[in-house]
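Heads up: the protein sequence lines correspond to chains A and B, in order.
Take the first sequence: its letter number 109 is residue 109 in the numbering used here, and every next letter is one higher.
Take the second sequence: its letter number 95 is residue 1095 in the numbering used here, and every next letter is one higher.
We put the beta carbon where it would ideally sit given N, CA and C, even for glycine.
Down below is the structure, laid out as structure tokens.
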Amino acid sequence: MTESAQSKGYGRDQVVEIVNSVISKVERGAGVDRAIYEQLQALKSIIDDARKELGTMRSADIQEKHIPTATDELDAIISATAEATGTIMDACEAIEEKAATTNVGDEVNAEITKIYEACSFQDITGQRISKVVSTLRDIEDKVAKLLAVVGDSVPAMDISDEGEGEKDGDASLLNGPQLEGQGVSQDEIDRLLAEFD
Amino acid sequence: MAVDKNMNVLIVDDYNTMLRIIKNLLKQLGFSNIDEATDGSMALEKVQQKNYGLVISDWNMEPMTGLDFLKEVRSSVGAPYQKVPFIMVTAESKTENVIAAKQAGVDNYIVKPFNAETLKTKISSVLGDF
């Protein structure tokens, strides 16, 4: 729908009604340019197709499942890299202290400096990922607005879990790495395996 | 004039990793009195309470950015911290960013990622050789 139509408060059905009205008037009118009539018919066809597609694409999944999952995964990357970087730096600081008491302190410190420099990747990647998360949230917001406009009027379609996104065989098992709280711990895995013995 | 490595240095960044990196690199360069802040408003409080010989600040922070912090510092006419040497360390590498920082009164500008040598060079350009 055009911004103009939206700003005037037209719903999707109203737009379709207007198009149909124009088409019928053009059909009744004498001496009307055939090209205009064909353009309007094409426009009506596009709107009908869009309705059908919205009904089949499970648009709500984009807002309710796909984007939240993607942002959670990206947030998990930031947390994991921050934690790993912290551990690396803990180790570097410990080595630095120990090296200070040896006669190779300067050489060790030079190498430690390179590690510190390399650790700045976490800041850069974190900022980049945050930008992607922000973009995804913008898309989520726009999808929500789109659904609010057309959601109630799309034809009811089969939205069972079958179809798009369904995986077979091993592929259906490949959903890792799991986010915090979604998987089981190594201890739980050990206990589970022990039950097979 | 020799650089007093006992001077107070304030580093400002919202990423703990970067604070640790800069702090450790400064320690390797011989600076020992290093304070930290995680955004511009916290940093502003610190410069109002203590004399610093150098501020090294990130740009992209919330709620107060490094640029706003710099502007607050430079606009505090008569305050002891108004002319504190200020180095911006940021991932923002567009020309307009550098120009905006310079117009706000930054003394030098380091683009992330950076290395120890770059940090030393920029500090020297602001404080003098050491």
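For the alpha helix (DSSP H) holding residue i, just list the boundary residues, first then last.
{"i": "E1036(B)", "result": "Premise fails: E1036(B) lies in the beta strand (DSSP E), N1033 to A1037, not in any alpha helix (DSSP H)."}
{"i": "T1017(B)", "result": "N1016 to Q1028"}
{"i": "Q186(A)", "result": "Q186 to A194"}
{"i": "K1046(B)", "result": "G1040 to Q1049"}
Closest by CA to residue i, which one among the options?
{"i": "K142(A)", "options": "I18(A), I62(A) and K25(A)", "result": "I62(A)"}
{"i": "Q1048(B)", "options": "F1114(B), K1120(B) and V1084(B)", "result": "V1084(B)"}
{"i": "L136(A)", "options": "K65(A), K114(A), D170(A) and V184(A)", "result": "K65(A)"}
{"i": "K145(A)", "options": "D106(A), E97(A), A60(A) and E38(A)", "result": "A60(A)"}
{"i": "E97(A)", "options": "K1027(B), P1080(B), Q1103(B) and L1019(B)", "result": "K1027(B)"}
{"i": "N1051(B)", "options": "V1077(B), N1008(B), I1110(B) and T1095(B)", "result": "N1008(B)"}
{"i": "S1032(B)", "options": "V1098(B), E1072(B), K1046(B) and G1053(B)", "result": "G1053(B)"}
{"i": "Q41(A)", "options": "A50(A), D33(A) and I23(A)", "result": "I23(A)"}
{"i": "F1086(B)", "options": "P1063(B), E1072(B) and M1018(B)", "result": "E1072(B)"}
If you run the structure through DSSP and keep just helix, strand and coil, what is residue i?
{"i": "T101(A)", "result": "coil"}
{"i": "N1115(B)", "result": "coil"}
{"i": "L174(A)", "result": "coil"}
{"i": "S1093(B)", "result": "coil"}
{"i": "V15(A)", "result": "helix"}
{"i": "M1007(B)", "result": "coil"}
{"i": "M1088(B)", "result": "strand"}
{"i": "L1054(B)", "result": "strand"}
{"i": "N1108(B)", "result": "strand"}
{"i": "V1012(B)", "result": "strand"}
{"i": "E162(A)", "result": "At E162(A) the pLDDT is 48, less than 50, meaning the model places this residue with poor confidence and gives no usable figure here."}
{"i": "S1076(B)", "result": "coil"}
{"i": "E38(A)", "result": "helix"}
Between residue i and the rest of its own chain, which residues show a CB-CB distance below 7 Å, the 5 nearest in sequence each way excluded?
{"i": "A5(A)", "result": "Because the pLDDT at A5(A) is just 46, under 50, the model does not fix this residue reliably, and the value given afterwards should be weighed accordingly. Result list for A5(A): V15, in chain order."}
Return yes when the Cβ of residue j is within less than 8 Å of the Cβ of residue i, no when it is not.
{"i": "I124(A)", "j": "K1005(B)", "result": "no"}
{"i": "A1116(B)", "j": "L1010(B)", "result": "no"}
{"i": "L74(A)", "j": "V132(A)", "result": "yes"}
Here's a check: name, in chain order, each residue in its chain whose Cβ is nearer than 6 Å to the Cβ of residue i, leaving out the five neighbours to either side.
{"i": "A1091(B)", "result": "K1112"}
{"i": "I115(A)", "result": "C92"}
At what residues does the beta strand (DSSP E) containing residue i begin and finish?
{"i": "I62(A)", "result": "No beta strand (DSSP E) holds I62(A); DSSP gives it neither H nor E."}
Near residue i, what residues of its chain come up, given a Cβ to Cβ distance below 8 Å and the 5 sequence neighbours on each side ignored?
{"i": "T2(A)", "result": "Residue placement at T2(A) is poorly supported in this model, since its pLDDT is 46, which falls under 50; the coordinates still yield a value, given next. Around T2(A): no qualifying Cβ."}
{"i": "I1022(B)", "result": "I1011, D1013, I1056, V1089 and L1119"}
{"i": "A82(A)", "result": "Q122 and G126"}
{"i": "E162(A)", "result": "The predicted position of E162(A) is uncertain, since its pLDDT is 48 and thus under 50; a value taken from the coordinates is nonetheless stated next. Excluding residues within five positions, none has a Cβ falling inside 8 Å."}
{"i": "N1060(B)", "result": "D1014, G1066, T1090, A1091 and E1092"}
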